[in-house]
Amino acid sequence: MKYPGVGAGVYVRKAGKVLLGLRKGGHGEGEWCPPGGKLEMNESPEECAIRETREETGIELGRVRFIAVTNDIWEDIGTHYVTVSFVADWKCGETRLAEPDKFERWEWFAWDALPKPLFLSTRNFVADGYNPFTV
Numbered sequence: 526m527k528y529p530g531v532g533a534g535v536y537v538r539k540a541g542k543v544l545l546g547l548r549k550g551g552h553g554e555g556e557w558c559p560p561g562g563k564l565e566m567n568e569s570p571e572e573c574a575i576r577e578t579r580e581e582t583g584i585e586l587g588r589v590r591f592i593a594v595t596n597d598i599w600e601d602i603g604t605h606y607v608t609v610s611f612v613a614d615w616k617c618g619e620t621r622l623a624e625p626d627k628f629e630r631w632e633w634f635a636w637d638a639l640p641k642p643l644f645l646s647t648r649n650f651v652a653d654g655y656n657p658f659t660v
């Protein structure tokens, strides 16, 4: 990468839990992260978070709000992303594995019982003290 990329992630809340997916195939394989992805040209970070959540999980979001930005550098592979994180409430739809080439499964977790290992942007989010239930 010549310049950092921009990504968006969304911590979806439902019944006191957050939705995380187990990544597969490529970067971050075997690590857990919220729905999200790369920002497309002429798209806002919020639009990206909503679109990626729908594409990856099939669910719709309510009350999408900005929560944080993390600076995520993978020195071992020469990748750098600035990740814009949002919190949202589950609105409707059943969680499904809509992109089985990218994710193994989606699960809901209590914030104090997150799975391991976490994807770097999620680790940074947690390490910076952010919590989607306190905003």
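First residue of the sequence shown: 526, per my numbering; consecutive thereafter.
Quick reminder that beta carbons are idealized off the backbone N, C-alpha and C, glycines included.
Same chain, Cβ closer than 8 Å to residue i, five either side skipped, listed in chain order
i	result
D555	Correcting the residue identity first, residue 555 is Gly in this sequence and not Asp. Closer than 8 Å at the Cβ level, and outside the excluded window around G555, lie L547, R548, K549 and P642.
V651	L639 and L643
R630	G546, L547 and L622
DSSP-derived helix/strand/coil call for residue i
i	result
D637	helix
I602	coil
V645	A small correction: the amino acid at residue 645 is Leu; Val does not occupy that position in the sequence shown. Helix at L645.
F650	helix
A574	helix
T608	strand
R621	coil
T659	coil
E632	strand
Member of the options whose CA lies at the smallest distance from the CA of residue i
i	options	result
C558	T659, T608 and A540	T608
P657	V589, H552 and T620	V589
G618	Y528, K627, E581 and P570	E581
D637	Y655, D626, D601 and A574	Y655
Distance, residue j Cα to residue i Cα
i	j	result
L545	G561	10 Å
A623	E585	13 Å
F668	E565	Residue 668 is absent from the structure shown; the chain starts at 526 and stops at 660.
N567	W599	26 Å
V535	V612	5 Å
Close beta carbons around residue i, own chain, < 7 Å, minus the five adjacent residues each side
i	result
F634	K542, V543, L545 and P640
Own chain partners of residue i with C-beta closer than 6 Å, once the 5 adjacent residues on each side are dropped
i	result
R621	G583
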